[in-house]
Each structure stands twice: as C-alpha cells, then as structure tokens.
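One structure is given here, and the rest of the page talks about it.
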Amino acid sequence: MGSCISGIPGRVKAHKQDEKNFLEAYPKYKATSHIDEVRRSEYPILDLQGHIYLDYTGAGLYSSRQLRHHQNLLGTNIFGNPHSLNPTSSAMTELDEYARACVLQYFKASPEEYCVIFTANASGALKLVGEAFPFDSRSEYILFMDNHNSVQGIREFARAKGAKTTYVPLTSDLRVSDIALKEALKPKFDGPVGPRLFAYPAQSNFSGVQHPLEWIATAQAQGCLVCLDAAAYVPTNRLDLSVWHPDFVPISFYKMFGYPTGVGCLIARKDSLLKLKRPAFAGGTVWGSSALGDGHVLLDHHEGFEDGTINFLNLPAVHIGLRQLKDVGRDAVHLRVMCLTDWLLKEMLALCHQSGLPLIRFYGPTDVYMRGGTIAFNYIDANGDVVDERIVEQRGNKINLSLRSGCFCNPGASEAAFNLEKESLLEAFESAWQHEAAHGKRKKWDDFLADIGISTSGALRISVGLMSNFKDVHRFLEFSRTFLDTVPTGSNLAMRLHC
Numbered sequence: 001m002g003s004c005i006s007g008i009p010g011r012v013k014a015h016k017q018d019e020k021n022f023l024e025a026y027p028k029y030k031a032t033s034h035i036d037e038v039r040r041s042e043y044p045i046l047d048l049q050g051h052i053y054l055d056y057t058g059a060g061l062y063s064s065r066q067l068r069h070h071q072n073l074l075g076t077n078i079f080g081n082p083h084s085l086n087p088t089s090s091a092m093t094e095l096d097e098y099a100r101a102c103v104l105q106y107f108k109a110s111p112e113e114y115c116v117i118f119t120a121n122a123s124g125a126l127k128l129v130g131e132a133f134p135f136d137s138r139s140e141y142i143l144f145m146d147n148h149n150s151v152q153g154i155r156e157f158a159r160a161k162g163a164k165t166t167y168v169p170l171t172s173d174l175r176v177s178d179i180a181l182k183e184a185l186k187p188k189f190d191g192p193v194g195p196r197l198f199a200y201p202a203q204s205n206f207s208g209v210q211h212p213l214e215w216i217a218t219a220q221a222q223g224c225l226v227c228l229d230a231a232a233y234v235p236t237n238r239l240d241l242s243v244w245h246p247d248f249v250p251i252s253f254y255k256m257f258g259y260p261t262g263v264g265c266l267i268a269r270k271d272s273l274l275k276l277k278r279p280a281f282a283g284g285t286v287w288g289s290s291a292l293g294d295g296h297v298l299l300d301h302h303e304g305f306e307d308g309t310i311n312f313l314n315l316p317a318v319h320i321g322l323r324q325l326k327d328v329g330r331d332a333v334h335l336r337v338m339c340l341t342d343w344l345l346k347e348m349l350a351l352c353h354q355s356g357l358p359l360i361r362f363y364g365p366t367d368v369y370m371r372g373g374t375i376a377f378n379y380i381d382a383n384g385d386v387v388d389e390r391i392v393e394q395r396g397n398k399i400n401l402s403l404r405s406g407c408f409c410n411p412g413a414s415e416a417a418f419n420l421e422k423e424s425l426l427e428a429f430e431s432a433w434q435h436e437a438a439h440g441k442r443k444k445w446d447d448f449l450a451d452i453g454i455s456t457s458g459a460l461r462i463s464v465g466l467m468s469n470f471k472d473v474h475r476f477l478e479f480s481r482t483f484l485d486t487v488p489t490g491s492n493l494a495m496r497l498h499c
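Under full-length UniProt numbering, the sequence shown has 433 at position 433, and the numbering climbs by one with no breaks.
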C-alpha cells in the first residue's frame, strides 16, 4: 500500500473481491472461521439489525448463550445473601467461590499467590489500591502519561499523603521508551525511601499501544509495587500470571465478554495486600468490630476488601462469560483481531484526497507491532482541517456504526497526541476557574478548547474484538471513503459538554 487511493468513481473494489484478496494476504485468518458461525448463532442481532460494532474497547458483546445460561441458573434455584450459612446462602457462596476460582484459573494465577476481590468495576478495583496504599512524604506514585483516568486518579490519594507523583512521558508514536522508564523508576530521595507504586496499562485504551509486560519485573526490582491495568488488554490477549507477577491487576468483565455489568475485580498478590492499609471498614469486611470498644479487626485477603454485600446474583455470569471466551478460543480471537487490524491500518493509510493529502491522521503506531485492535485517528478534509467528530458520529449513526470520540478518559495520551503544552493547559484551566467564579457556571467546552488552541474535542476511536469480521472493517473503510475530496459540514450538532 505504498500509494494513495482516492475516491475517484470506479476505484472502489467490490466487497467479495476485497475479501478474496484479504484471505489471500492473511491465510491464517481461515483458522478463525468458526467465529463466523458463533456470530451467526449466538450474536445474531449484529447482522439482523445491520450493526457495524467497532467499540470493543468501550464494551464487549454478550452472547445469547450467556444470557440463557445465567437466566436458567437463576430461574431454577433460590439464592440468598452469601453472608450466612443457611441453604440458600451456602448455595450462593459455593457459586461465588467457583467464580473466584474460574478467574484465577483463566489467568493462570496460583491461589497460593493471588486472590480475587470482586468490585463494581475496574475503576472500583483501582480505587481500592489507591485509598489503601501506604503513601507518605517519602513515597512516590509513578505512572505513564498513557493511563486511564481511574489510574490517574490515584495521584490524589498520593498527593493527600504528601507523596511525589512522577509521569513517564510518551514518544511521538505514543509509546514509552525503555530509557525514560528506567529514569523514572530511579528513587528520588536520599536515604530511606517510602512505599512506591508504579501503574501502567498493558494496552492503551486510547491508541492500542501495548506496553511491555517485562516492565513489571523491572519496576519490582527497583522496589515498586506494580499495578497493571489490564482492562483493555485481556479481552483479546492472554495474560498469564504464572509468568508475569504484578502486584495488582484491575479487570473489567463487561469489557471482556459484555455481561454482566456492575462486576469487576482486583486480582491481587496476597503478600502485597498485606502492605495496604484500608482507611475504613464496612459490613462484610471485619472479623469483629465494637461500638463500645471503638475498634475493629479486618478479615484476611479478599474478605477484608469487599465492602458490604457483593453483586452475588451476577457473579455466576462471570464464570459463564469466561467459558464463552474459552469456547470461542482466545488465541483464535487474538489472531483474527490482528489480521483485521493490520489490513485496516494499511487500507486507511492508503486513503488520500486527489490532492495527495492523506485522509486520516493517526495517533499511535500504524503497524501491528506491540499493539492491539484499537485505532485512534481523525479524518482530515480536503482543505487540510480536522473533520468535526460530531459530523462523523452523525453520519455513523445513520448506518448503525458504533465508534467513539473524545479523549477516552485518557487525558495524558490525548494531550500527547495533540501536542498540547502544559503552560497553555494551565492558562486555560485558570481562565475556566475565573469564568466559573465570575458567572457561577462553567465555561462552555468549545470555549475551553479554543483557549488551548484546538478545534476538535479529541480523536475518533475504533476497536475490533471478539466477534469482528471482515465485513465490519470493510464497511468502515467504505464509510471512510465518503470523506474523500470533501469539506464536510453538519447541522444541529450536539453541544460538547466535556471531554
């Protein structure tokens, strides 16, 4: 794909011929053909309603089989609150513990080394780590610029306890250099050093970049506990915790297999949990507590971290979802995602206006080396300007195309992608605070964007996943072609409210 393809009539190939060429270029893709049958039988709504679903980083999709199995389990049994020993409670406790065992088995995590703490979501798992980490004035929180807001937010717990926060910068293709990482991991204090936490994503939810898992051991060798954000990585990649040994791993189940929502987990090393100090206690977490004695004793391991009653009726859906992924085949899904992503990147790179100007501006790598199936980009119109993301969404909605726009809760990667400067951001925030103080309301987001000198609210993001097929990416490519040699305009564009 060394030359550009314009939108001149007659240059667009028929879908069947494109698919034939694709299969010839990616012969290994045929080994994933069973996924097409699974899509037809267990995800029929995708094609019956003509969806082009390309938001797998936002949420996975659930199968009809998952729903049937979960509904049948609930419909043929009576389950009670697991915090008891009566028959219905005992039955539920057995299923809850089975779900924990299935999670550990799926990630090859030894139950002697790791435990599973069920949470409301991956963000809840990260909050558990942040609020209980023993930061002090000689501690440090080290993280990539490329991190989800829920990882970024831990810095506030660190700040409140006087700890230092260190960001590792990104390169122009939104990766992290080994040199920059090693420099950031060096202790910043003379003499005794307090507890240090290093957090990074196995895969960026913004760009799809995959950061080396070898850095887990690199950071631990420098005395850091490591929190590996695996939420965007594990839906289409294997994470083997018998090989890699991070201290904390937040997981989102709905991003893996669509259902249930409201359940995530923290996979934690038991010895690392002992280093955390919970700031409070709640029902279900204590061996004993006393109002008169003004004290409490927390339970061990996961029991000391699961506040109140867990979402117990949805937990059986976790082992059902994990079984779905195993039956489809994790390696087959990974292979399919990589083939589709590679083809799509090459085809998108080849799209140019008749002037020779590329249609697409990418944020992140444009090959599949150390990356997943997430692609961040913007369309560039025939005049060289970024196409308003709201126009793209309007057009996409008309053909049932699900993509995403914005900064994707990853401000650091977004700031790096758009080459924003710290000074301009600080000035824009100061202006926003002054506006709110003077007028009693927040500045319009479009005005804030103008203050920092950009005309778009962020990038566009597509992501392929579990049930993606060639038709999905081909239809997206045809959609992209509609922006060639034009200057798109929109009407009734929704007001931007925030990033």
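The beta carbon of each residue, even a glycine, is placed where N, CA and C say it ideally should be.
Only a predicted model underlies this, so the values are computations on that prediction, with no experimental measurement involved.
Selected residue, minimal CA-CA separation from residue i, among the options
i	options	result
Ser-150	His-334, Ala-230 and Phe-470	Ala-230
Gln-220	Phe-248, Gly-60 and Arg-390	Phe-248
His-319	Leu-67, Ala-413, Thr-374 and Ser-290	Leu-67
Tyr-53	Leu-213, Asp-472, Leu-477 and Ser-480	Asp-472
Asp-381	Phe-133, Asn-311, Phe-483 and Arg-39	Phe-483
Leu-493	Asp-388, Tyr-167, Lys-422 and Ser-455	Asp-388
Thr-165	Gly-295, Phe-198, Arg-390 and Asp-173	Phe-198
His-34	Gly-124, Arg-395, Arg-475 and Leu-335	Leu-335
Ala-282	Ser-272, Val-297, Leu-274 and Asp-271	Val-297
Leu-61	Ile-78, Tyr-254, Ser-424 and Lys-108	Tyr-254
Asp-485	Gly-412, Gln-354, Thr-456 and Asp-447	Gln-354
Val-234	Arg-371, Leu-174, Glu-427 and Tyr-141	Arg-371
Asp-18	Gln-394, Gln-434, Trp-343 and Tyr-379	Trp-343
Glu-214	Val-243, Ile-142 and Phe-189	Val-243
Leu-185	Glu-156, Ile-142, Gln-210 and Ala-160	Ile-142
Gly-448	Ala-438, Ala-459, Ser-431 and Glu-42	According to the sequence shown, residue 448 is Phe rather than Gly. Phe-448 has its Cα closest to that of Ser-431, out of Ala-438, Ala-459, Ser-431 and Glu-42.
Leu-273	Leu-128, Leu-322, Val-38 and Leu-95	Leu-128
Ala-158	Ser-172, Ser-290, Gly-130 and Cys-115	Gly-130
Residues near residue i in its chain [Cβ-Cβ closer than 7 angstroms; skip 5 each side]
i	result
Leu-325	Met-256 and Phe-257
Asp-36	Asn-469
Leu-299	Thr-285, Val-286 and Trp-287
Leu-420	Ile-452
Arg-475	Ile-52
Val-226	Phe-198, Ile-216, Ala-219, Gln-220, Pro-246 and Asp-247
Gly-490	Asp-388, Arg-390, Ile-391 and Gln-394
Pro-111	Leu-104
Ile-78	Thr-88
Neighbourhood of residue i by C-beta distance below 6 angstroms, restricted to the same chain and skipping five residues each side
i	result
Phe-362	Phe-377
Leu-345	Thr-366
Gly-194	Asp-136, Arg-138 and Ser-139
Pro-260	Asn-314 and Ala-317
Val-12	Caution is warranted here: a pLDDT of 49 is assigned to Val-12, below 50, making its placement in the model unreliable, and the coordinate value is therefore given only provisionally. So no residue of the chain qualifies.
His-51	Asn-400
Glu-42	Ser-63, Ser-64 and Arg-65
Cut-off 8 angstroms between Cβ atoms - residues of its own chain near residue i, not counting five sequence neighbours on either side
i	result
Pro-169	Met-145, Val-176, Ala-180 and Ala-416
Thr-93	Pro-82
Met-338	Val-368 and Gly-373
Ile-44	Note that residue 44 is Pro in the sequence shown, not Ile. Only Ser-64 meet the Cβ criterion.
Asn-205	Thr-57, His-148, Ala-231, Ala-232, Thr-374, Phe-408, Cys-409 and Asn-410
Arg-238	Arg-330, Asp-331 and His-334
Gly-10	At Gly-10 the pLDDT is 46, less than 50, meaning the model places this residue with poor confidence; the figure from the coordinates comes in the next sentence. Taken in chain order, the list of residues that qualify is empty.
Pro-192	Arg-138
Ile-251	Val-103, Ala-122, Ala-125, Ala-230, Ala-231, Val-234, Gly-264, Cys-265, Leu-266 and Ile-267
Lys-20	none
Ser-480	Met-348, Leu-351, Leu-359, Ile-360 and Tyr-379
Any C-beta of chain D under 8 angstroms from that of residue i
i	result
Phe-479	In the displayed structure, chain D is absent; only one protein chain is listed.
According to DSSP, residues forming a beta bridge with residue i
i	result
Thr-285	Thr-285 is not bridged to any residue.
Ser-290	Gly-295
Asp-55	Ser-463
Cys-339	Cys-339 is not bridged to any residue.
Ala-199	Leu-143 and Cys-227
Tyr-43	According to DSSP, Tyr-43 bridges with nothing at all.
Gln-210	Gln-203
Val-168	Phe-144
Arg-361	Asn-378
residue 505	No statement about residue 505 is possible, as the shown extent of the chain runs from 1 to 499 and does not include it.
List in chain order: all unbroken alpha helix (DSSP H) runs of 4+ residues lying wholly within the segment 215–280. 215–221, 253–257 and 270–273
Exercise for the section: Evaluate the contact criterion for the segment 434–442 versus the segment 28–42: three or more CB pairs, one atom per stretch, below 8 angstroms. Expected result: no
- Within the chosen definition, does the segment 393–404 reach the segment 461–478 through at least 3 CB pairs nearer than 8 angstroms? yes
Complete runs of the beta strand (DSSP E) confined to the segment 437–493 [at least 3 residues]: 459–463
| said: In chain order, what are the residue ranges of uninterrupted beta strand (DSSP E) at least 3 long that sit wholly in the segment 293–335? | reply: 295–298
- For the segment 97–104 and the segment 350–362, state whether three or more C-beta atom pairs, one from each stretch, are separated by less than 8 angstroms. no
Where in the segment 372–446 do unbroken runs of the alpha helix (DSSP H), each at least 4 residues long, occur, reported from the N-terminal end onward?
List check, alpha helix (DSSP H) in window: 389–398, 411–417 and 422–439.
| message | Taking contact to mean 3 or more Cβ pairs, one atom from each stretch, closer than 8 angstroms, check whether the segment 294–311 and the segment 273–285 are in contact. | response | yes
Scan the segment 70–151 and note each continuous alpha helix (DSSP H) run of 4 residues or more that stays entirely inside, going in chain order.
87–106 and 122–132
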